[in-house]
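J.: Residue numbers (full-length UniProt numbering): 1 to 303.
Every residue, glycine too, gets a C-beta built ideally from N, C-alpha and C.
#1: With a threshold of 8 Å, are at least 3 pairs of Cβ atoms found where one atom belongs to the region 62–70 and the other to the region 285–301?
#2: List the whole-angstrom C-beta distance separating residue 183 from residue 72, where the pair is believed to meet the contact cut-off of C-beta under 8 Å.
#3: From residue 174 to residue 198, what distance separates their C-alpha atoms?
#4: Please confirm if the region 243–258 is in contact with the region 26–46, defined as three or more CB-CB distances below 8 Å between the two stretches.
#5: If you run the structure through DSSP and keep just helix, strand and coil, what is residue 59?
#6: So what does DSSP say about residue 246, is it helix, strand or coil?
#7: Expressed to the nearest angstrom, what Euclidean distance is found between the alpha-carbon atoms of residue 98 and residue 108?
#8: Is the region 269–284 touching the region 53–60, taking contact as three or more C-beta pairs under 8 Å?
#9: Nearest-angstrom Cα distance between residue 231 and residue 148?
#10: When you compare each of 251, 114, 259 and 103 to residue 50 by their alpha carbons, which one comes out closest?
#11: Take the Cβ of residue 19 as the centre, count every other Cβ of all protein chains shown within 10 Å, and call the residue buried at 16 or more, exposed below.
#12: Inspect the beta-carbon positions of residue 35 and residue 257 and report whether they are closer than 8 Å.
#13: Let me know the secondary structure DSSP gives residue 68 once reduced to three states.
#14: Count Cβ pairs between the region 211–219 and the region 184–192 that sit closer than 8 Å; are there 3 or more?
#15: According to DSSP, is residue 252 part of a helix, a strand, or is it coil?
#16: Classify residue 264 as helix, strand or coil using the three-state DSSP reduction.
#17: What is the residue span of the alpha helix (DSSP H) that residue 165 lies within?
#18: Along the chain, where does the alpha helix (DSSP H) containing residue 218 start, and where does it finish?
#19: Using the C-alpha atoms, what's the distance from residue 162 back to residue 238?
#20: Take the Cβ of residue 196 as the centre, count every other Cβ of all protein chains shown within 10 Å, and call the residue buried at 16 or more, exposed below.
#21: For residue 77, name the three-state secondary structure that DSSP assigns.
#22: Taking just the CA atoms, how far does residue 159 sit from residue 170?
#23: Where does residue 142 fall in DSSP's three states?
#24: Hey, how far is the Cα of residue 77 from the Cα of residue 228?
#25: According to the neighbour-count rule (16 or more other Cβ atoms, all chains shown, within 10 Å of its Cβ), is residue 136 buried or exposed?
#26: Near residue 122, what residues of its chain come up, given a Cβ to Cβ distance below 7 Å and the 5 sequence neighbours on each side ignored?
#27: Leaving aside the five residues before and after residue 293 along the sequence, list all residues of the same chain whose C-beta is less than 7 Å from its C-beta, in chain order.
#28: Round the Cβ separation of residue 140 and residue 101 to the nearest angstrom and send it over; I've been treating them as touching at under 8 Å.
#29: Could you tell me whether the Cβ atoms of residue 272 and residue 253 are closer together than 8 Å?
#30: Measuring alpha carbon to alpha carbon, tell me which of 95, 119 and 296 ends up nearest residue 142.
#31: Identify whether residue 227 lies in helix, strand or coil by the three-state DSSP scheme.
Put into structure tokens, the structure is as follows:
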């Protein structure tokens, strides 16, 4: 193997170039991790953005929460529940908070561990540093997730208990309350149709029965529009039960539902496109990183 003396440049120049190569290699590693992170986040958002977009139109493809018409909350001993948009914005806010805090907090976690000699020696390896960063990210994410669900109000629990039942909807607390309430029959059908769709698994028979009664009431009850039933919720109920809008109130929402679907489709395609580009960039950077690392090892072996 030729010695350093046979090279036309000085050892100091080789050492300086070696330092520059190592800096490039570290930079490629950082950009590669960032690209793969963008790939994962874009893939996640491609699924998570649909309910958010529908929420901006105050819509949902499935019944997710019980809507009680204004003026009837007191009969069920609950307060008015936030709409889909507020709920989804809260969820999105928590998601952004968890992603941001977990990402930067993981770096702080690694930095704190490096103060201990045991970890400082082992963190000379980029792979071990990344593993430590990933562990820190998971720990912080888990802690924030626990805090998020721990902060859920007692009101949400009250709604869950209100619609809870095992086999027959007649055994649910909301059915018992409505038996004693003086609410109009369409309001009762509206609440019980939602209850059947909130049940897991969905109580299809009960949902069809109460939705059919709602449809008849809209066509025959002259006071139907005075009950405060939510058009968007009626649209969701009918689409979940029949797969289409049946009545004029639900059909009046079709235009904005189509708009939400188009926006959702475009954003999903953009997210998948970004995910693919980020994955491709990450793969290229990984290949360059491996090649550069091998080059550094060859130079160090000869030097």
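T.: Let me spell this out:
#1: no
#2: 6 Å
#3: Cα to Cα, residue 174 sits roughly 12 Å from residue 198.
#4: no
#5: coil
#6: coil
#7: Roughly 15 Å between the two C-alpha positions.
#8: Output reads no: the region 53–60 does not touch the region 269–284.
#9: Roughly 31 Å separates the two Cα atoms.
#10: The shortest Cα separation from residue 50 among 251, 114, 259 and 103 belongs to 259.
#11: exposed
#12: It is not a contact, given that the beta carbons lie outside the stated cut-off.
#13: coil
#14: yes
#15: coil
#16: helix
#17: Per DSSP, residue 165 belongs to no alpha helix (DSSP H) and is neither H nor E.
#18: Residue 218 -> alpha helix (DSSP H) spans 204–220.
#19: 22 Å
#20: Classification for residue 196: buried.
#21: Note that residue 77 has pLDDT 49, beneath the 50 cutoff, so the model's placement of it is unreliable and no number is given.
#22: 17 Å
#23: helix
#24: Model confidence at residue 77 stands at a pLDDT of 49, short of 50, so the residue's coordinates are unreliable; what they give is reported in the following sentence. Those two C-alpha atoms are separated by around 18 Å.
#25: Residue 136 should be labelled buried.
#26: 128
#27: 25
#28: 6 Å
#29: no
#30: Shortest Cα-Cα distance from residue 142 to any of 95, 119 and 296 involves 95.
#31: coil
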